[in-house]
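Student: What follows is a structure written as structure tokens; I'll ask about it next.
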RNA sequence: GCAGCCGUAGUGUAGUCCGGUUAACACGUCUCCCUGUCACGGAGAAGAUCGUGGGUUCAAAUCCCAUCGGCUGCGCCA
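Numbering (the numbering used here), first residue to last: 15 to 475.
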């Protein structure tokens, strides 16, 4: 007999079936034993009657989280025994045979709860158990659905997903890079990407016109509730586009996404307001305004655009130069007279309930303007060298282009009303960037270090 | 780098301010009983280096010092 999933049981009343899964809980009444069996698709109640002697004997031995296989008849429950609180509360399986596929130790914490009460350290160490929780299973499922929606939506609109390298080059400014030593070039290092920014712009030079990627990004900075060293963003870029096109695409996509996947949610304002950066700073004292009317309403989504950013930060940096407000490829408005203190840019941020969930811009596509920006930022000759491939590429017919990158962990955690993006990631790290399950980061053995031409000079401990 | 909060059976907490018998409670675990439970029920049992090290004291989970770990926030995050 072929094993079926628990969700299929409701159409199998009267049939003999084989199912398999984890014991959620066993309620032993002596002669009568109930087992709630759980698989990836759901839960259902098994009844083991004393007249199936062998099955009864095995059933009385099983414990929570054991993996078992069951053969039995799917039955409608007697009216009085229907549990209206459970999805499959009107059926149960009368067990004819139980097979133990694997025993389990008692889990280090209760898997039946939402898990918020359990110490984070223990949860992360036993993440594979933590993930058995209904809440986290749901979060991962929703995450999959969100990403699938985005992939379908953009694919239907002629976007192409392109993978960009993880092994790339460290760049000046920006976040701290994670670096990877090169074995073939001892003493040299790759950097893991903070975002595919340069690659996606180069894909525009390559003539792709519409690119997107569900991209892993890595930044070696301290974490927060809405920040992990390793995270996922929807990265997209378009050629022959204006800021309005980028805003409209995102707004239509996310609106449709919410309406389809979260029919109970409502928008504070639709279409989303497009707020002037200056006004936002005055009114909200932050560039991430929370426009919701009722912040306690779990179903309210306050999406808002922030536009018309200054091109540079107000204060000059320690080198006496201007730091870009967004990044150095952001196109200024009114390029003829570039007055650093006043210049505005084609930057756009998307905020949701007070969190920044996307940021992007129309990019510079004129090499002379790009050079000028580098000068204003105060790049040294060496720093300019880092970007020579960009300036060089821009000599070969760059289309006007722009795009956006949206943090999916943040988006999904807000949609799921989760207080921390860890709750929507399968294997997140601790606050100080460790993986407690794998015990990473870890030492390298001497042979590896030697091959890489590396020597570890001093250790903290 | 800085600040705040936290660390007590497997899990969650109480006890700490104001030191004093056997460290308490709930859940879980184990044994026995139980034919309609679904937060099953009943009877019983086991389970704690009180994060670690040092100090004060007749006496430390409790006071002092140091240290380790966790969470949250600030810095940082083009």
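Backbone N, C-alpha and C define an ideal beta-carbon position, used for all residues, glycine too.
Under 6 Å Cβ to Cβ from residue 448, same chain only, skipping five residues before and after it: list those, please.
Tutor: The answer is none, since no qualifying residue turns up.
Student: What does the alpha-carbon distance come out to for the pair residue 240 and residue 295?
Tutor: Answer to the nearest angstrom: the Cα atoms are 21 Å apart.
Student: Which first and last residues belong to the alpha helix (DSSP H) in which residue 132 is found?
Tutor: First-last for residue 132: undefined, no H or E at that position.
Student: What is the DSSP secondary structure of residue 211, reduced to helix, strand or coil?
Tutor: In the structure shown, residue 211 sits in a helix (DSSP, three-state: H, G or I).
Student: Just to confirm, are residue 86 and residue 67 a CB contact at a threshold of 8 Å?
Tutor: Not closer than 8 Å, so no.
Student: Flag residue 292 as yes when its Cβ comes closer than 7 Å to any non-hydrogen atom of the ligand ATP, and as no otherwise.
Tutor: In terms of ligand content, the structure shown is empty, and the ligand ATP therefore cannot be addressed.
Student: Along the chain, where does the beta strand (DSSP E) containing residue 389 start, and where does it finish?
Tutor: Looking at the DSSP string, residue 389 is not in any beta strand (DSSP E); the run it does join, the alpha helix (DSSP H), is 381 to 391.
Student: For the putative contact between residue 344 and residue 307, defined by C-beta atoms under 8 Å, what is the C-beta separation to the nearest angstrom?
Tutor: Going by Cβ atoms, the distance from residue 344 to residue 307 rounds to 32 Å, so no, they are not a contact pair.
Student: Looking at the strands, I want to know which residues DSSP matches up with residue 220.
Tutor: In the DSSP output, where bridge partners are listed per residue, residue 220 has none listed.
Student: Using the C-alpha atoms, what's the distance from residue 366 back to residue 297?
Tutor: Their Cα atoms are separated by approximately 17 Å.
Student: Using 10 angstroms around the beta-carbon of residue 411, count the other beta-carbons present and answer buried if the total reaches 16, otherwise exposed.
Tutor: Result: exposed.
Student: Specify whether the stretch 197 to 205 and the stretch 377 to 396 touch according to this definition: at least 3 beta carbon pairs, one from each stretch, less than 8 Å apart.
Tutor: They do not touch, by the three-pair rule.
Student: Are the stretch 184 to 196 and the stretch 227 to 234 touching by the rule of at least three beta carbon pairs closer than 8 Å?
Tutor: Touching, per the Cβ criterion.
Student: Report all residues from its chain with a CB closer than 7 Å to the CB of residue 216; omit the five preceding and five following residues, and keep chain order.
Tutor: So the qualifying residues of the chain are 407.
Student: Could you give the DSSP three-state label for residue 474: helix, strand or coil?
Tutor: At residue 474 the pLDDT is 42, less than 50, meaning the model places this residue with poor confidence and gives no usable figure here.
Student: Please report how far the alpha carbon of residue 164 lies from the alpha carbon of residue 275, in whole angstroms.
Tutor: Going by the C-alpha atoms only, they are around 12 Å apart.
Student: Where do the N-terminal and C-terminal ends of the beta strand (DSSP E) with residue 374 fall, by residue?
Tutor: Residue 374 -> beta strand (DSSP E) spans 369 to 376.
Student: Please return the same chain residues whose Cβ sits closer than 7 Å to the Cβ of residue 74, not counting the five positions on each side in sequence.
Tutor: The residues are 42, 47.
Student: Do the stretch 319 to 326 and the stretch 285 to 293 meet, that is, are 3 or more Cβ pairs less than 8 Å apart?
Tutor: Short answer: they touch.
Student: Need the endpoints of the alpha helix (DSSP H) that residue 166 sits in, please.
Tutor: Segment 148 to 170, the alpha helix (DSSP H) holding residue 166.
Student: Could you check how far apart the C-beta atoms of residue 69 and residue 112 are, in whole angstroms? I think they sit under 8 Å.
Tutor: Indeed, because the Cβ distance is near 5 Å, the residues count as touching under 8 Å.
Student: Give a yes or no on contact between the stretch 148 to 163 and the stretch 177 to 185, applying the rule of three or more CB pairs nearer than 8 Å.
Tutor: Segments in contact, no.
Student: Taking 8 Å as the limit between beta carbons, can you name the residues of its chain near residue 169, skipping five residues before and five after?
Tutor: These residues qualify, in order along the chain: 175.
Student: Per DSSP, residue 116 forms a beta bridge with which residues?
Tutor: Answer is 81, bridged to residue 116.
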